[in-house]
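Numbering (full-length UniProt numbering), first residue to last: 245 to 603. Below is one structure, written out as structure tokens, with a few remarks after it.
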Ligand code: F6R
């Protein structure tokens, strides 16, 4: 049941310290290379490029994974499952295909996965459901072990997928290239291991409810971020529209000035995911602020975005990849509190189903 929580979604947000512990368990060994028991790393030695495919929130996890793989020195692309057959040519040899699907039953994603199998390339399914269709089709299922998710809006499974893909990215980079080129990989691993505690910290101290009630009633919410932060911004906007029914969009920070800026007014808060120092996102947000838009900085205390912003959602000062995952938790809470204030059907938003089994 929901226990002390008013909605399954809130329960699932608050269960992330536990679900992330399960995802990580036995897979990180204090600062060393991650070990994925389910994969024989030697089979990854030939991997030259990775295609990650998913739908909705799982597509955003795929974007997260692709950004990280590229930073780690492995060429990678995230592709929307529903666009895979029209927009994607046959893969070159030595391509690894990764299906990202919480349920393991999404028709669009299964279609792409089946095609990858027909193409004869190696396939992995990152999924939450043991023996799901995706887990059975793919050569290698990688289970995120997040536990059942009841709320239609994916929360804890996104976090666990992103962590799983972070681990996978390092295993692939090590197997293929001998070493990951991601910044400060040792800190990444230690901070990932401590991620459950960091999430706990965010959950205990978040100002998301106050920010939600302060800005509710505005015309639209724009979420911006760069690199990995862009995948978090897009996920933040998707969650926001799903459960609040309010207009939200997620943009790459630098794209704001190429068009969306025309929509910006004092009634369009900009939620800026700033997880690296010296980020251009700050400048992009300030361009919107000049046009009257309030800025909500999702950043560590002391980040240059915070002094410029109108409101602040804080993330612990950990490795930038972990900050992004923690920023996402703040955005989950922001969407939740907006939807709760509006009295929405949070666990079962109108027109949506937990698992989309039609193309
Ligand atoms: C968003 C959401 C959907 C799913 C999408 C893919 O909160 O839940 O966007 O992420 O339908 O579902 P799976 O991961 O089961 O393939």
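Even for Gly, the Cβ is constructed at its ideal location relative to N, Cα and C.
Helix, strand or coil at residue i [DSSP, three-state]
| i | result |
| --- | --- |
| residue 537 | coil |
| residue 352 | helix |
| residue 261 | helix |
| residue 322 | strand |
| residue 460 | coil |
| residue 489 | coil |
| residue 494 | strand |
| residue 512 | coil |
| residue 374 | coil |
| residue 280 | coil |
| residue 438 | coil |
| residue 596 | coil |
Cut-off 7 Å between Cβ atoms - residues of its own chain near residue i, not counting five sequence neighbours on either side
| i | result |
| --- | --- |
| residue 489 | 588 |
| residue 290 | 338 |
| residue 273 | 279 |
| residue 248 | none |
| residue 401 | 346, 372, 388, 390 and 393 |
| residue 574 | 446, 450, 452, 542, 557 and 559 |
Where residue i falls, given that 16 or more other Cβ within 10 Å makes a residue buried
| i | result |
| --- | --- |
| residue 330 | exposed |
| residue 594 | exposed |
| residue 392 | exposed |
| residue 494 | buried |
| residue 596 | exposed |
| residue 483 | buried |
| residue 524 | exposed |
| residue 602 | exposed |
| residue 427 | exposed |
| residue 567 | buried |
| residue 366 | buried |
| residue 591 | buried |
| residue 461 | exposed |
| residue 503 | exposed |
| residue 334 | exposed |
| residue 298 | buried |
Contacting residues, own chain, Cβ-Cβ under 8 Å from residue i (five flanking each side not counted)
| i | result |
| --- | --- |
| residue 250 | 584 |
| residue 349 | 373, 376, 377, 378, 599 and 601 |
| residue 417 | 313, 316, 317, 318, 423, 424, 425 and 426 |
| residue 464 | 490, 491, 492, 493, 507, 511 and 512 |
| residue 522 | 548 |
6 Å CB neighbourhood of residue i in its chain, flanking five on each side removed
| i | result |
| --- | --- |
| residue 432 | 563 and 565 |
| residue 475 | 304, 307 and 308 |
| residue 477 | 467, 468, 469, 494 and 517 |
| residue 556 | 541 and 550 |
| residue 481 | 467, 492, 493 and 494 |
| residue 547 | 518 |
| residue 485 | 492 |
heavy atom of the ligand SAM below 6 Å from residue i C-beta
| i | result |
| --- | --- |
| residue 297 | The model depicted lacks the ligand SAM and carries the ligand F6R instead. |
* **At least 3 beta-carbon pairs within less than 8 Å: the stretch 443-454 vs the stretch 533-546** => no
* Asked: Taking one C-beta from the stretch 305-322 and one from the stretch 466-473 each time, how about it: are there three or more such pairs within less than 8 Å?
  -> yes
* When the Cβ atoms of the stretch 365-382 are set against those of the stretch 417-437, are three or more pairs found closer than 8 Å? -> no
* Is there contact here, the stretch 252-270 with the stretch 282-289, by at least three beta-carbon pairs under 8 Å? -> no
* Is the stretch 312-327 touching the stretch 344-362 in the sense that three or more CB pairs, one from each, lie closer than 8 Å? -> yes
* Using 8 Å as the threshold, is the stretch 263-271 in touch with the stretch 402-420, meaning 3 or more CB pairs across them? -> yes
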